[in-house]
Amino acid sequence: MRIQIINPNTTGTFTERLALSAQAIVAPGTEVFATQPLLGTPSIESHTDEAWATLGVIAQVQAGEASGVDAYVVACFGDTGVAAAREVASGPVVGMTEAALFSACLVAATFSIITLPPRTLIHARRVLHECGMHQRCAGLRAIDVLVDDCCEEDNAALYTALLDEARIALREDRSEALVLGCAGLSEMVEPLQRALGVPVIDGVNAAVKMAEGLVSLGLMTSKQNSFDFPPRDLRGQWPALFA
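The working numbering numbers the first residue of the sequence shown as 1 and each following residue consecutively.
Put into structure tokens, the structure is as follows:
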């Protein structure tokens, strides 16, 4: 099977890291690769960023459909463009936020989310309610770090900020698991789990394994009403994006 991870932003370092992380966990015979839009925003930290990035997600799914992709993972902690991608795709589309939340609920009664930067809290809150997971979320927190900072080679300061906030979450929220709220934090999972002794969930890798399982089960995106194919094709209005 072929799984395409879509990085909705245009930062190549992010895209490369997503591919490497996923390739280490997929089953033999599964091909997983990562792509990014031709045009867009280097990070997604606002509603405007999300709007621009959604066009890029649609374009990447349409390219994947033409090349025989079986399932898609959208790697942004607001599940940017997931609903639109499901309209365009035949196979499953798994958002990293949904995957992380569902995974957390399978291993713990409650969880806290640690995202970044603080202005993105509203996006995480939206997905929580859309998924019906707000009652299981014990705390929604953010560290004052930009998404771009996750690409730095020296991430000691980032790790320290996450660890400090995680300890506060476990103490004050009394949560039993932690969800990391950015696609660029997969390298933090193992050291945080060792330090904290609770499940720490990276939504991208969780989404990859869910996508793999859905394809193995022969499940497709339902085209009954909500995610039916779009009624019109507007690609001609953005030729540079849909090249």
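Each residue gets a CB set at the ideal place from its N, CA and C atoms; glycine is no exception.
Anticipated Cβ contact below 8 Å, residue i with residue j, distance rounded
i	j	result
residue 43	residue 148	5 Å
residue 49	residue 127	Going by Cβ atoms, the distance from residue 49 to residue 127 rounds to 15 Å, so no, they are not a contact pair.
residue 2	residue 68	6 Å
residue 64	residue 220	At roughly 14 Å, the Cβ-Cβ gap does not stay under 8 Å, so residue 64 and residue 220 are not in contact.
residue 77	residue 182	5 Å
residue 81	residue 58	6 Å
Alpha-carbon to alpha-carbon, residue j and residue i
i	j	result
residue 139	residue 74	24 Å
residue 188	residue 145	15 Å
residue 53	residue 217	30 Å
residue 226	residue 106	26 Å
residue 306	residue 122	Here the chain has residues from 1 to 243 only, and residue 306 is not among them.
residue 39	residue 241	6 Å
residue 232	residue 162	44 Å
residue 186	residue 143	16 Å
residue 97	residue 196	22 Å
residue 51	residue 237	16 Å
residue 9	residue 19	14 Å
residue 25	residue 207	11 Å
residue 83	residue 129	15 Å
residue 215	residue 204	17 Å
residue 32	residue 169	34 Å
residue 17	residue 41	18 Å
residue 70	residue 93	9 Å
residue 299	residue 159	Residue 299 lies beyond the stretch modelled for the chain, which goes from 1 to 243, so this question has no answer here.
residue 171	residue 184	25 Å
residue 132	residue 4	26 Å
residue 156	residue 192	12 Å
residue 194	residue 29	31 Å
residue 165	residue 174	13 Å
residue 21	residue 11	16 Å
Residue i CB to nearest heavy atom of the ligand SAH below 7 Å
i	result
residue 1	Within the structure as shown, the ligand SAH is missing, as the structure has no ligands at all.
DSSP three-state assignment for residue i, whether helix, strand or coil
i	result
residue 174	coil
residue 164	helix
residue 216	helix
residue 180	strand
residue 147	helix
residue 112	strand
residue 232	coil
residue 13	helix
residue 105	helix
residue 44	coil
residue 89	coil
residue 200	strand
residue 97	helix
residue 35	strand
residue 6	strand
residue 240	coil
residue 136	coil
Sequence-distant residues of its chain with Cβ nearer than 6 Å to residue i (five each side left out)
i	result
residue 198	177
residue 15	7, 34 and 36
residue 179	100, 104, 111, 113 and 201
residue 235	242
residue 116	142, 143, 145 and 182
residue 134	128
Interface flag, residue i vs chain C, CB-CB below 8 Å
i	result
residue 1	The structure shown contains no chain C; it holds only a single protein chain.
Other residues of its chain near residue i: CB distance less than 7 Å, five sequence neighbours each side excluded
i	result
residue 125	140
residue 27	212
residue 89	61, 65, 72 and 221
residue 55	238 and 241
residue 136	105, 110 and 111
residue 23	32
residue 209	25
residue 223	229
Contact set for residue i: own chain, Cβ-Cβ below 8 Å, skip 5 residues either direction
i	result
residue 167	196
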